[in-house]
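Asker: Taken in order, these protein sequences are the chains called A and B. If you read the first sequence in numbering that gives the first Met the number 0, its first letter stands for residue 0, the second for the next number, and so on. If you read the second sequence in numbering that gives the first Met the number 0, its first letter stands for residue 0, the second for the next number, and so on. Note that CB positions come from ideal geometry on N, CA and C, so glycine has one too.
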Amino acid sequence: MHIMEGFLPGPWWQIWFAVAIPVIVYGIYKLNRLVKENREILPLLAVAGAFIFVLSALKLPSVTGSCSHPTGTGLAAILFGPAITAVLGTIVLLYQALFLAHGGLTTLGANVFSMGIVGPVVAYTIYKVGMKMNLNFYLVVFLAATLGDWATYVVTSLELALAFPADPGGVMGSFKVFATIFAVTQVPLAIIEGAITALIFKYIIQVRSDMLARLNVLSDAAISKIKGAIS
Amino acid sequence: MRNLLDDYALVSRLRYRNVWLKLTIAAFGLLVGVSSTSPATPLFIALSMSFATVFFGKTPLKFYLTVLLIPMGFAIVGSLVILFFFGSGSEVFYFEVFGYRLTANAGGLEMAILVISRTLSGMSCMFFLALSTPVIELFAVLKRSGIPDSVIELSMLMYRYIFVFLEVSMSIKHAQTVRLGYTNLRRSLYSVAMLASTLFLRSYEQGEKLYLAMNSRCYDGKLSLFETKRPIRATEAVLASIYAVAALSLM
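Right under this line is the structure:
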């Protein structure tokens, strides 16, 4: 969910830029190192970024009738790690603002923070922890994508609440209101995105599991174990 | 799905104007609009930018209004929250929902109006840029601004492949719809997942091919760009400065 252009007053939009930029710079540093090591990765990352953009332009079927868009952040975080996802996410958000009128330029920092940084970090952490605990792979992917998605809504609500504190109740008061409107209503959407992400992984494993091994998402042993479970 | 602002930028009358001038106008409006404390300035900016986009740029008015509606849904929900929970002052009006009293006071009302007008002005400045400048022309500007080459290259390749994949996803979606893939929620979930995973696999393969193709053409990590020189005309400069002075004097 994007915060629209002009919605955040100063100094909040500057603050979110200040928070987001160091992470993006770190992501660029990691990206440069990866590219130096293996030049094959740059075209691959570019198509991955384009894929995230197209994914986010797809309309999701939704229970409530309103249409919504997948964020694709969980998927990207699992595939490429959170640092690279931050860079890809920034470019995707910029294109979304310029092509689809979703989000904005002054609010780019806040949107990058919620969708390009916190969401992927949460998804990635859950994925790593879940895999360590030897849980079912699809369950882990589902949880990572759902909670990562949901975390972005919570952070967006927090960003809005900080900028517009309620008069009686302060930041916590308006956080509750924004969170009920945005974070609670988005729970079904987050679950749908989680289910779709898990299904995407199922198809990828069935068709081209070698790809996941090459991206270092899963080891060969893990893939054969999952494949064994399906058949 | 294929209603990208970029498509309209390609046919805009303002396309062949100086990129830096357009960028400055948009950035000026964005910054002034977001930092103004009265709704008059943002509304003035919104009106002038929309006028410039529709009248000078010849963007179809109907399309312009529909894209302007996209952010308004979000802005209205957000402002309602501000209206009822923000600020102090005398009570303006209230109503009861499930025995819960929602009161709007003067401070909240003022803030809600201000936020809506800021969103309007910000969006119209962004649309002015997005509907008059194709993204390709912004790359040269980005290159000059000192952003690392790897990032610019990444964005350029992404830009190219966005259009390729949009086409692919649209044809897959048509094929799925014809085969009743979206008749109920369960089926749509499977269809969307299938679409996305096929798209991912296709894009991965495309990425491998792209690397081979670029490598065999001596790709060394740099794509060169050239910036076309388009001098700023006197009338444009005068119009832009009149607009800037007017906006600032309204502050």
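Please list, in chain order, the chain B residues whose beta carbon lies closer than 8 Å to that of residue 195/A.
Answerer: Stepping through the first sequence from its first residue, residue 195/A is reached at position 196. In chain order: 188, 191, 192 and 195.
Asker: Using a Cβ-Cβ cutoff of less than 8 Å, which residues in the same chain neighbour residue 84/B once the five nearest sequence positions on both sides are dropped?
Answerer: As a first step, residue 84/B must be located in the second sequence, where it is residue number 85. 107.
Asker: Listing by chain order, which chain A residues have their CB less than 7 Å from the CB of residue 152/B?
Answerer: In the second sequence, counting from the first residue as 1, residue 152/B sits at position 153. 41, listed in chain order.
Asker: Alpha helix (DSSP H) containing residue 146/B: first to last residue?
Answerer: If you number the second sequence from 1, residue 146/B lands on position 147. Run containing residue 146/B: none; DSSP gives neither H nor E here.
Asker: With respect to the alpha helix (DSSP H) encompassing residue 75/A, which residues constitute its N-terminal and C-terminal limits?
Answerer: Residue mapping note: residue 75/A aligns to position 76 of the first sequence, counting from 1. Taken as a continuous stretch (DSSP letters only), the alpha helix (DSSP H) holding residue 75/A covers 72 to 79.
Asker: Please classify residue 100/A: does DSSP put it in a helix, a strand, or coil?
Answerer: Within the first sequence, the letter at position 101 stands for residue 100/A. Looking at residue 100/A - three-state DSSP - the assignment turns out to be coil, as it is neither helix nor strand.
Asker: Any idea if residue 58/B is buried or exposed, counting beta-carbon neighbours within 10 angstroms, 16 or more meaning buried?
Answerer: For this step, residue 58/B is matched to residue 59 along the second sequence. Buried, since its Cβ has 16 or more Cβ neighbours within 10 Å.
Asker: If you draw a straight line from the C-alpha of residue 131/A to the C-alpha of residue 77/A, how long is it?
Answerer: Locating residue 131/A in the first sequence gives position 132, where the first residue counts as 1. Locating residue 77/A in the first sequence gives position 78, where the first residue counts as 1. Those two C-alpha atoms are separated by around 14 Å.
Asker: Can a CB atom of chain A be found closer than 8 Å to the CB of residue 48/B?
Answerer: Within the second sequence, the letter at position 49 stands for residue 48/B. No, because no Cβ of chain A sits closer than 8 Å to the Cβ of residue 48/B.
Asker: Classify residue 19/B: buried if its beta carbon has 16 or more other beta carbons within 10 angstroms, exposed otherwise.
Answerer: What you label residue 19/B is simply residue 20 of the second sequence in a count that begins at 1. With fewer than 16 Cβ atoms within 10 Å of its Cβ, residue 19/B is classed as exposed.
Asker: Quick one, are the C-beta atoms of residue 258/B and residue 43/B less than 8 Å apart?
Answerer: Not covered by the structure: residue 258/B. The range shown for chain B is 0 to 250.
Asker: Going residue by residue through the region 145 to 223 of chain A, where are the continuous alpha helix (DSSP H) segments of at least 4 residues, counting only ones entirely within it?
Answerer: Taking only runs of at least 4 residues, the alpha helix (DSSP H) segments lying wholly in the region 145 to 223 of chain A are 169 to 177 and 186 to 213.
Asker: Look at residue 222/B and residue 155/B and say whether their C-beta atoms are less than 8 Å apart.
Answerer: Position 223 of the second sequence, counting from 1, holds the residue named residue 222/B. Position 156 of the second sequence, counting from 1, holds the residue named residue 155/B. Yes. Within cutoff.
Asker: Within this structure, are the beta carbons of residue 104/A and residue 224/B separated by less than 8 Å?
Answerer: Taking the first sequence and counting its residues from 1, the one referred to as residue 104/A is at position 105. Taking the second sequence and counting its residues from 1, the one referred to as residue 224/B is at position 225. For residue 104/A and residue 224/B, no; Cβs fall outside 8 Å.
Asker: Listed from N- to C-terminal order along the chain, which residues in the region 162 to 176 of chain A have their beta-carbon within a distance smaller than 8 Å of any beta-carbon of chain B?
Answerer: Within the region 162 to 176 of chain A, the residues whose Cβ lies closer than 8 Å to some Cβ of chain B are 163, 164, 165, 166, 168, 172, 173 and 176, listed in chain order.
Asker: I need the boundaries of the alpha helix (DSSP H) containing residue 10/B, first residue and last residue.
Answerer: Translated into the one-based positions of the second sequence, residue 10/B becomes position 11. Note, residue 10/B: premise wrong, no alpha helix (DSSP H); not H, not E.
Asker: Any idea which residues DSSP pairs residue 103/B with across the strands?
Answerer: Translated into positions along the second sequence, residue 103/B becomes position 104. DSSP lists 92/B as partners of residue 103/B.
Asker: Just to make sure I have the definition right: I need the residues of chain B whose C-beta is within less than 9 Å of the C-beta of residue 137/A. Which are they?
Answerer: Counted from its first residue, the first sequence places residue 137/A at position 138. Within chain B, no residue comes near residue 137/A; the closest Cβ sits about 12 Å away, beyond 9 Å.
Asker: For residue 118/B, which residues in chain A fall below 9 Å Cβ to Cβ?
Answerer: Here residue 118/B corresponds to residue number 119 of the second sequence, with the count starting at 1. What residue 118/B touches in chain A: 3, 4, 5, 6 and 103.
Asker: How big is the Cα-Cα spacing for residue 124/B and residue 131/B?
Answerer: Locating residue 124/B in the second sequence gives position 125, where the first residue counts as 1. Locating residue 131/B in the second sequence gives position 132, where the first residue counts as 1. Answer to the nearest angstrom: the Cα atoms are 11 Å apart.
Asker: If you check the beta carbons only, do residue 161/B and residue 49/A fall under 8 Å apart?
Answerer: By one-based count along the second sequence, residue 161/B stands at place 162. By one-based count along the first sequence, residue 49/A stands at place 50. Yes, these two residues count as a Cβ contact at 8 Å.
Asker: For residue 171/B, which residues in the same chain have their Cβ closer than 6 Å to its Cβ, ignoring the five residues on either side in sequence?
Answerer: The residue given as residue 171/B occupies position 172 in the second sequence. Within the same chain, residue 171/B has close Cβ partners 194.
Asker: According to DSSP, what are the bridge partners of residue 85/B?
Answerer: Sequence index remark: in the second sequence, residue 85/B carries index 86 (1-based). Answer is 165/A.
Asker: From 12/B, 112/B and 52/B, pick the residue whose C-alpha is nearest to that of residue 37/B; which is it?
Answerer: Looking up residue 37/B in the second sequence gives position 38. Answer by Cα proximity: 112/B.
Asker: Below 8 Å on the Cβ atoms is my guess for residue 82/B versus residue 51/B; work out the distance and round it to an integer in Å.
Answerer: Indexing the second sequence from 1 puts residue 82/B at position 83. Indexing the second sequence from 1 puts residue 51/B at position 52. About 31 Å separates the two Cβ atoms, so there is no contact after all.
Asker: Just how far apart, CA to CA, sit residue 197/A and residue 113/A?
Answerer: By one-based count along the first sequence, residue 197/A stands at place 198. By one-based count along the first sequence, residue 113/A stands at place 114. Looking at the two C-alpha atoms, the distance is approximately 22 Å.
Asker: Could you have a look at residue 166/B and say whether DSSP puts it in helix, strand or coil?
Answerer: What you label residue 166/B is simply residue 167 of the second sequence in a count that begins at 1. Note: residue 166/B maps to helix in three-state DSSP.
Asker: Would you mind reading off the limits of the alpha helix (DSSP H) that contains residue 231/A?
Answerer: This structure cannot speak to residue 231/A, because chain A is shown only from 0 to 230.
Asker: Against chain A, which members of the region 201 to 214 of chain B pass a CB distance test of less than 7 Å?
Answerer: Here the close residues are 202, 203, 205, 206, 209, 210 and 213.
Asker: Can the beta-carbon of residue 4/A be found less than 8 Å from the beta-carbon of residue 41/B?
Answerer: By one-based count along the first sequence, residue 4/A stands at place 5. By one-based count along the second sequence, residue 41/B stands at place 42. Going by C-beta atoms, residue 4/A is not nearer than 8 Å to residue 41/B.
Asker: What did DSSP end up calling residue 237/B once you bin it into helix, strand or coil?
Answerer: For this step, residue 237/B is matched to residue 238 along the second sequence. Reduced to three states, the DSSP call for residue 237/B is helix.
Asker: Are any of the Cβ atoms in chain B nearer than 8 Å to that of residue 207/A?
Answerer: Numbered from its first residue, the first sequence carries residue 207/A at position 208. By this cut-off, residue 207/A is an interface position.
Asker: Could you spell out the range, first to last residue, of the alpha helix (DSSP H) harbouring residue 218/B?
Answerer: Within the second sequence, numbered from 1, the residue matching residue 218/B stands at position 219. Taken as a continuous stretch (DSSP letters only), residue 218/B belongs to no alpha helix (DSSP H), as it is neither H nor E.
Asker: How should residue 69/A be labelled, buried or exposed, when 16 other C-beta atoms within 10 angstroms of its C-beta is the threshold for buried?
Answerer: If you number the first sequence from 1, residue 69/A lands on position 70. Label assigned to residue 69/A: buried.
Asker: Can you name the residues of chain A whose CB is closer than 9 Å to the CB of residue 254/B?
Answerer: Residue 254/B lies beyond the range of chain B shown here (0 to 250); nothing can be said about it.
Asker: Secondary structure at residue 63/A, three-state DSSP: helix, strand or coil?
Answerer: Position 64 of the first sequence, counting from 1, holds the residue named residue 63/A. Its pLDDT being 43, under 50, residue 63/A is placed unreliably by the model, and the measurement read from it follows with that caveat. Here residue 63/A sits in coil by DSSP.
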